[in-house]
Amino acid sequence: LTFAGVETSLAEKVAIHFKTSYINTIISNDVFGVQYAAILKNVYALGTGILQGIGYGDNFQSVFVANAAGEMQVFLDQFEEALNAKRTLNQIGEINYSVSVYLGDLLVTCYSPYSRNRAFGLMIGRGDSVESASKSLQMLAEGYLASRSIYELNIKLGCPMPIALSIYKILWEGLSPAQAFHHIEQHLV
2 LTFAGVETSL AEKVAIHFKT SYINTIISND VFGVQYAAIL KNVYALGTGI LQGIGYGDNF
62 QSVFVANAAG EMQVFLDQFE EALNAKRTLN QIGEINYSVS VYLGDLLVTC YSPYSRNRAF
122 GLMIGRGDSV ESASKSLQML AEGYLASRSI YELNIKLGCP MPIALSIYKI LWEGLSPAQA
182 FHHIEQHLV
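Residue numbers for the sequence shown follow this note's numbering, beginning at 2 and rising by one.
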């Protein structure tokens, strides 16, 4: 479990109560990065479900998730830069995005058959409406509303996010998943 706080000493005091022989706790001072990574992984998991629903295979899925991880890193770096410009000094330092709170959470949410966001995306990819998918799941997946929030935040930030933008357009503007993923294919490395 990752505990993020501006004052890491306070985060450590809370984390100690959760640490066990089978639960490790990690301390981070990247408060905003940890939160936005948790938001973005839901959007990308939705996209993973959509691509599976329209018939893409495992190889494309791995390329998609790898590129989503890269897109998330660029967004978080740019977001941190904007925050640090307002703070006037860098309180975060170098961030390792390959640790569990960033990459690990993204991977499990995108690949898990128990992921609500992936399941929601799978239904969208198979042709269900947002309303129909929500009724089937008996809930609204977090990635649905998160896609709009990230889109609106990124209007101000101006970060290149072709994957998140395409998912937003599927969910909020009615772009067909096939068209959106054709567009995404053009941006994958």
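The beta-carbon is built from N, C-alpha and C at its ideal position, and this holds for glycine as well.
Bounds of the alpha helix (DSSP H) holding residue 40 are 32 to 54.
The DSSP assignment places 106 to 112, 117 to 126, 131 to 138 as complete runs of the alpha helix (DSSP H) inside the segment 103 to 139, in order along the chain (cut-off: 4 residues).
For residue 26, the three-state secondary structure derived from DSSP is coil.
Between residue 121 and residue 52 the beta-carbon gap is near 13 Å, outside 8 Å, which marks them as no contact. When DSSP states are grouped into helix, strand and coil, residue 65 belongs to the helix group. Counting other Cβ atoms within 10 Å of its Cβ, residue 60 stays below 16 and is therefore classed as exposed. Counted as a single uninterrupted DSSP element, the beta strand (DSSP E) harbouring residue 4 occupies residues 3 to 5. Residue 185 sits away from residue 41, with the two beta carbons spaced by 8 Å or more.
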